[in-house]
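Colleague: Last residue of the sequence shown: number 330 in UniProt numbering, and the count goes up by one each step with no gaps.
Have a look at the structure that comes next, please.
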Amino acid sequence: MKAIMMTAIGNPDVLELQDIAEPEISTATQVKVRLKAAGVNPVDTKIRRNGLLYDNPLPAVLGCDGAGEVVETGSAVSRFKPGDKVWFCHGGLGREQGNYAEYNVLDQRWVSLMPETSSFTEAAALPLVLITAWGGLIDRGGLQSGQTVLIHAGAGGVGHVAIQLAKLKGARVITTVSSEQKAEFVQALGADEVIRYTKGGFADAVNELTDGKGADLVFDTVGAEVFKQSIQATAHFGRLVTLLDPGELNLAEARIRNLLIGFELMLTPMLRDLPEARDKHVEILNQCAQWLEKGQLKTHIGKQLSLAEAAKAHELIETGHSTGKIVLIT
């Protein structure tokens with residue numbers, strides 16, 4: 001089968017299209033999937049640049065997100081049959097094969113039926129960002145109806161679904177973007193107020209919009225400098241959740257505000273082999289599938305590329321200016 005192999009640690013040109021052996025079912029509860037599309041996420045680029053998350057040798061197939069059709073099942077598989085359209089977040093971290101390939105094999109426990117209204121491209125774009133946004137807003141952030149949430153980088157892969165999930169929870173959504181085009185995009189998704197990033201920051205604008213209170217929950221998808229500024233934009237007794245390492249910080253103001261600070265890394269259940277936590281990921285996909293089928297949730301595909309163009313997909317993500325998701329058609 002065709003697959004994109006990460007042949008070394010480095011720039012996007014270490015990703016090479018190669019012919020490798022198809023994976024085969026090795027346990028009774030596995031399914032084999034003919035992949036139709038693979039989502040590309042920032043974590044893929046970080047692994048390519050910094051190394052696998054497991055102590056295994058290269059080459060390796062990257063890509064956590066996949067969507068495709070079941071073509072074979074193990075003898076004990078009860079949830080799926082050949083022909084089923086499925087989506088999932090599995091592999092691509094350096095241990096199990098990822099989804100930049102034509103086929104993958106995984107346990108039925110980690111697979112969900114695709115939303116009936118979604119294409120393979122749309123389905124492949126969503127698992128990691130949906131689980132991440134849900135974890136940050138709901139599991140770590142405790143978002144409640146009527147609260148105000150500040151979502152950073154609302155036009156990005158995680159941000160654009162986080163806005164929609166927050167609105168489904170009944171929250172008021174403030175979001176930050178870098179351009180007028182992105183501002184129009186997030187408003188169409190339901191954002192109530194949009195703040196353009198400026199050299200002066202965003203905290204003053206958030207506090208003005210909230211009558212000096214700040215946001216009940218701030219969801220940082222950007223990194224250290226944004227996290228630091230976000231402390232001033234979070235309400236007293238509020239919550240500040242980040243996807244990234246905030247680095248060395250003076251947390252005196254956060255302490256005075258009695259903030260709950262949380263971290264969201266949706267890869268933890270895979271990295272630490274926590275099956276019950278991974279079950280929750282499948283539950284999230286099942287719930288989101290219902291919302292997608294009702295038209296209450298949607299994804300934006302910023303770019304659709306062929307499998308052979310994986311290096312180009314990584315280059316686009318590393319510019320930091322993509323809108324929505326990038327997907328490889330396998």
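Even for Gly, the Cβ is constructed at its ideal location relative to N, Cα and C.
1) The alpha helix (DSSP H) that contains ASN207, what's its start and end?
2) Apart from the five residues just before and just after ARG239, which ones in its own chain have a Cβ nearer than 6 angstroms to its Cβ?
3) For a quick check, are the C-beta atoms of HIS152 and VAL226 less than 8 angstroms apart?
4) What separation, rounded to the nearest whole angstrom, lies between the Cα atoms of LYS228 and LEU249?
5) Terminal residues of the continuous alpha helix (DSSP H) containing SER230?
6) Which one of THR176, MET1, VAL31, ASN50 has the shortest CA to CA distance from ASN11?
7) Please confirm whether VAL86 and LYS32 have their CB atoms less than 8 angstroms apart.
8) Helix, strand or coil: which one does DSSP assign to PHE237?
9) If you reduce the DSSP assignment to three classes, tell me which class GLU283 lands in.
10) Which complete beta strand (DSSP E) runs does the segment 83-134 hold, if anything under 3 residues is left out?
11) Roughly how many angstroms separate the alpha carbons of residue 340 and SER179, rounded to a whole number?
12) Classify ALA252: buried if its beta carbon has 16 or more other beta carbons within 10 angstroms, exposed otherwise.
13) Roughly how many angstroms separate the alpha carbons of PRO269 and LEU130, rounded to a whole number?
14) Going by other Cβ atoms of all chains shown within 10 Å of its Cβ, with 16 needed for buried, is residue 344 buried or exposed?
Modeller: The structure says:
1) As a first step, residue 207 must be located in the sequence shown, where it is residue number 207. Unbroken alpha helix (DSSP H) run through ASN207: 203-209.
2) Along the sequence shown, read from residue 1 onward, the residue named residue 239 stands at position 239. In the same chain as ARG239, and ignoring 5 residues on each side of it, the C-beta atoms closer than 6 angstroms to its own belong to GLY141, LEU217, LEU260, in chain order.
3) Numbered from 1 along the sequence shown, position 152 holds the residue referred to as residue 152. Numbered from 1 along the sequence shown, position 226 holds the residue referred to as residue 226. Pairing HIS152 with VAL226 gives a Cβ-Cβ distance under 8 angstroms.
4) Reading the sequence shown from its first residue, position 228 is the one you call residue 228. Reading the sequence shown from its first residue, position 249 is the one you call residue 249. The straight-line gap from Cα to Cα measures roughly 7 angstroms.
5) Reading the sequence shown from its first residue, position 230 is the one you call residue 230. Start and end: 224-230.
6) As a working note, residue 11 is residue 11 in the sequence shown. It is ASN50.
7) Here residue 86 refers to the residue found at position 86 when the sequence shown is read from its first residue. Here residue 32 refers to the residue found at position 32 when the sequence shown is read from its first residue. Their beta carbons are not under 8 angstroms apart, which means VAL86 does not touch LYS32 by this criterion.
8) Walking along the sequence shown from the start, residue 237 turns up at place 237. Secondary structure of PHE237 (DSSP, three-state): strand.
9) Locating residue 283 in the sequence shown gives position 283, counting from the first residue. Look at GLU283 here: in three-state DSSP terms it is helix.
10) Fully enclosed beta strand (DSSP E) runs of 3 or longer: 85-89, 103-107.
11) The shown model of the chain, from 1 to 330, leaves out residue 340, and the question about it has no answer.
12) Taking the sequence shown and counting its residues from 1, one reaches residue 252 at position 252. With fewer than 16 Cβ atoms within 10 Å of its Cβ, ALA252 is classed as exposed.
13) Along the sequence shown, read from residue 1 onward, the residue named residue 269 stands at position 269. Along the sequence shown, read from residue 1 onward, the residue named residue 130 stands at position 130. Answer to the nearest angstrom: the Cα atoms are 15 angstroms apart.
14) Nothing about residue 344 can be reported from this structure: the residues present for the chain run from 1 to 330 only.
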